[in-house]
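Below: the structure, in structure tokens.
Numbering (our numbering), first residue to last: 261 to 817.
The following block contains the structure:
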């Protein structure tokens, strides 16, 4: 196992410490004194137009950050990832989500085996299935067309598909819709199925091992709902053969555990596989995205993959000084480690991206929420960021107060699109232009603020002036693209994947394992018998857990 380079011992880190110690940048003055600032700090990657100029940076800071990337071996680690080396060291796995969108003639080897033909074989199978559902060739057990696809998964098997489906709703085939069940709370399964017709519903059970507790519990609930509904309506007979046929027509799987898939009742021919070199939070462009492929169609899904590939190529081939995901990742390090920023807010000015911040929470926090480096040694810096956010303009009327006038540094990414999915007017006013005026105004307000003299000039009473002052100098990044297309969504996802990779490399951590999610799941299995009334199991729990379980059992009807 190689030893990561300690970023804090590099010359670039020491330079950044000195720059921060003497840092006195005022964004108002910086723009006034440097008319080329916006142009110099604006970059493009694919269709993404990325303005970094309202960040707390100077040419010297950017140069030192780029030098830091050089000194920690960012390019070498990036190249190792793309080459299929096993950089996920705690699981001894390659990290090849980039292979999921590689062209068919690419060669990417893991243990001497070119994985690209395998990727395209699965994609072709997914696309053929999607075409059958979309055309009506695949029907339910009574011969009716499928109208609702219900994806059952959790974590990356849910957050990715639901985010992309919501983002690309204008591309969904008329007469088709998707729903997503993830939470083991029975309310989730109930609400997602209560108004559906079993004859026109198709379930996709997404679990690599086909053993995930939440997913398999919900899959069994869905199977019971389906069979009970079909039998009650007289659509099928109440016998084993009819039930078997119904399950095979209304359930498919995304899994590699074909024996368990078959045991559940799903025809293994209707299982779509993926590989251990794809982490769940990096898998929406694999067979995990089958629900999306059905909804938007293979052609649009190919455009989605092409968007990923465009940013992959940019990240792989662009020198660090002009490499957008590298620069954004290094900026996050600048704020996290030198400004003690605790969180990072993502603000899409696009309602269809309303699940994008939640998607990024898993991508970034499951990847970089680590306190040991990939050689097992303790980290030498703080790591990870708390990612959060909501669409604009909703967030403006909720938490922007803290961003504008609070005491914390909260770097913000603003995302917008020049052309709306729905071009509506309020009388003669273009509503999308009104919407984007807020996008432009918010980043300006955060950067430049409002002085006490400007507040006084408006006739504000002196005792109220301090409350209406905006300090400015609040860092933002603006990301724009022509429209929210399948390609644009792929580009945005890949952008943040590589931002996450950049940060993890600087911190020397393995961004591709997720052992932190295991302990709670293990303990839940131990507590379950106690919750069900097993006194011996309850006695093994700590006093607090015992008290809570007893309180629950006393109240449970």
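Glycine included, every Cβ here is placed at the ideal spot set by N, Cα and C.
Proximal residues to residue i (C-beta, below 6 Å), its chain only, five neighbours per side dropped
i           : result
residue 237 : The chain is shown from 261 up to 817; residue 237 falls before or after that span and cannot be answered.
residue 622 : 419, 541
residue 321 : 279
residue 551 : 409, 411, 421, 438, 464
residue 750 : 564, 567, 568
residue 768 : 264, 633
residue 489 : 458
residue 536 : 353
residue 274 : none
Reference residue i; option with closest CA among the options
i           : options            : result
residue 776 : 631, 527, 810, 726 : 631
residue 781 : 471, 690, 635      : 471
residue 286 : 314, 310, 553, 309 : 314
residue 737 : 605, 502, 790      : 605
residue 665 : 627, 692, 628, 706 : 706
residue 685 : 695, 676, 677      : 695
residue 402 : 409, 457, 617, 359 : 457
residue 672 : 682, 650, 304      : 650
residue 508 : 661, 522, 271      : 522
residue 226 : 603, 284, 617, 616 : Any question about residue 226 goes unanswered here, given that the chain covers just 261 to 817.
residue 296 : 510, 362, 319, 375 : 319
residue 704 : 677, 734, 723, 493 : 734
residue 479 : 453, 493, 267, 459 : 453
residue 496 : 400, 580, 517, 415 : 400
Inter-residue spacing [alpha-carbon to alpha-carbon] between residue i and residue j
i           : j           : result
residue 642 : residue 482 : 43 Å
residue 712 : residue 640 : 41 Å
residue 714 : residue 289 : 16 Å
residue 607 : residue 647 : 11 Å
residue 436 : residue 644 : 39 Å
residue 811 : residue 448 : 24 Å
residue 475 : residue 390 : 22 Å
residue 381 : residue 742 : 32 Å
residue 801 : residue 778 : 18 Å
residue 529 : residue 760 : 36 Å
residue 429 : residue 519 : 35 Å
residue 617 : residue 468 : 25 Å
residue 407 : residue 510 : 11 Å
residue 747 : residue 404 : 33 Å
residue 596 : residue 785 : 36 Å
residue 692 : residue 308 : 19 Å
Cutoff 8 Å; reference residue i; Cβ partners in own chain excluding five residues on either side
i           : result
residue 214 : Absent from the structure is residue 214, since the part of the chain shown begins at 261 and ends at 817.
residue 434 : none
residue 813 : 791, 793
Residue-chain proximity (residue i, chain C), Cβ-Cβ < 8 Å
i           : result
residue 309 : In the structure shown, chain C does not exist; there is a single protein chain.
Under 8 Å between C-beta atoms of residue i and residue j
i           : j           : result
residue 326 : residue 532 : no
residue 554 : residue 546 : no
residue 675 : residue 613 : yes
residue 360 : residue 370 : no
residue 303 : residue 582 : yes
residue 345 : residue 773 : no
residue 424 : residue 549 : yes
residue 543 : residue 771 : no
residue 762 : residue 586 : yes
residue 765 : residue 334 : yes
residue 376 : residue 364 : yes
residue 486 : residue 506 : yes
Counted within 10 angstroms of its Cβ, other Cβ atoms place residue i as buried (16 or more) or exposed
i           : result
residue 461 : buried
residue 300 : exposed
residue 758 : buried
residue 329 : buried
residue 561 : buried
residue 570 : buried
residue 783 : exposed
Contacting residues, own chain, Cβ-Cβ under 7 Å from residue i (five flanking each side not counted)
i           : result
residue 790 : 797, 798, 801, 809
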